[in-house]
Every structure is written in C-alpha cells, then in structure tokens.
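The opening position of the sequence shown corresponds to residue 8 in my numbering, with each subsequent residue numbered one higher.
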Amino acid sequence: MFLGTLKRIAAMKRDNSALIVEDSPILGPMIADMLEILGHDTTIVEGEQEAIANIRDREFSLLICDIKLGEGGSGLAVAAEARKRQPEARVIVVSGNDEPPDLPGGVSYLAKPFTLKQLGLVVGMG
C-alpha cells in the first residue's frame with residue numbers, strides 16, 4: 008500500500024515537471040513563467056552538460072530546449088538524450104530559425120518567438 012502511494016505521488020510530480028534548457032538569462036525565466044501558467048513546475052538550466060546531468064538524475068514530463076546553447080552546446084544532443092533516457096517525456100526544441108532542423112524521432116519544434124497559446128498547443132500535443 009505504502010509503495011503504491013509513493014509511486015502515485017512520484018507519477019503526479021513527474022506529470023507536471025518541466026526542464027527548460029535555455030542559455031538566455033531573459034528567455035529561460037520567461038519560458039518558465041509561461042509553463043507555470045500552464046501548470047508545470049519548472050527547472051531552468053543553461054548548458055548541455057547540466058541538462059544531461061538533470062535528465063540522468065530526475066524524471067521530467069516535459070523538456071523544452073533551445074537548439075543552440077552557449078559554449079558550443081547542442082540542444083539536439085540534449086533532446087536525443089532525453090528521448091533515450093525518458094521516452095515518455097514530451098520533448099520540444101525551440102529556435103529563432105525559420106526552418107526546423109532534422110529532429111530526432113519524437114521531438115517537436117517551436118519557432119521563437121512564441122506566445123503562451125502557441126506553447127500550450129505544442130505542449131498539449133503529447
């Protein structure tokens with residue numbers, strides 16, 4: 008009984024947890040504010056290695072990652088790692104480029120800038 012309760016609590020926590028990978032000190036908190044309006048608990052990290060460490064250590068129901076990260080980091084590498092380690096998580100990459108890149112399977116794309124409504128629609132597709 009106790010183990011079942013813990014599993015339900017863990018599932019509930021995972022259901023609304025979001026990892027945001029954004030190297031802009033303005034955009035990361037802005038995306039977090041939007042996701043919190045949509046009912047998510049958020050964690051913001053800035054780089055590829057920090058993101059991958061979080062993906063290995065914690066479960067998230069949602070990952071939103073900028074494609075180009077500071078110091079040569081790759082959001083696509085983060086997205087691929089998330090799909091491998093947490094296949095049930097919704098993974099969305101964002102970029103200011105008009106054309107989406109070739110994406111790993113199960114990864115969605117959202118062009119920047121985006122509105123709360125656009126973000127909500129993409130998050131809700133999963």
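Glycine included, C-beta positions come from ideal geometry on N, C-alpha and C.
None of the values given here were measured: they were computed from a predicted structure.
Residue i to residue j span [Cα, whole Å]
| i | j | result |
| --- | --- | --- |
| Arg97 | Leu70 | 6 Å |
| Gly113 | Arg90 | 7 Å |
| Ile27 | Met41 | 11 Å |
| His47 | Leu76 | 23 Å |
| Asn23 | Ile33 | 22 Å |
| Ala84 | Asn104 | 18 Å |
| Gly11 | Leu45 | Any answer about Gly11 is weak, because its pLDDT of 49 lies below 50 and its placement is not dependable; what the coordinates show is given next. Cα-Cα distance, rounded: 28 Å. |
| Ile99 | Thr50 | 15 Å |
| Ser102 | Ala86 | 13 Å |
Enclosing beta strand (DSSP E) for residue i [first to last residue]
| i | result |
| --- | --- |
| Ala25 | 24 to 28 |
| Leu110 | It is not in any beta strand (DSSP E) - Leu110 carries neither H nor E in the DSSP assignment. |
| Ser102 | 97 to 102 |
Burial state of residue i, where buried means 16 or more other Cβ atoms lie within 10 Å
| i | result |
| --- | --- |
| Gln125 | exposed |
| Met37 | exposed |
| Glu53 | buried |
| Gly131 | exposed |
| Ser68 | buried |
| Glu106 | exposed |
Extent of the continuous alpha helix (DSSP H) to which residue i belongs
| i | result |
| --- | --- |
| Leu123 | 123 to 130 |
| Ile74 | No alpha helix (DSSP H) holds Ile74; DSSP gives it neither H nor E. |
| Ile44 | 34 to 44 |
| Arg65 | From DSSP, Arg65 is part of no alpha helix (DSSP H); its letter is neither H nor E. |
Using 8 Å as the Cβ pair cut-off and three pairs as the minimum, do the stretch 81 to 90 and the stretch 115 to 124 touch?
These segments do not touch.
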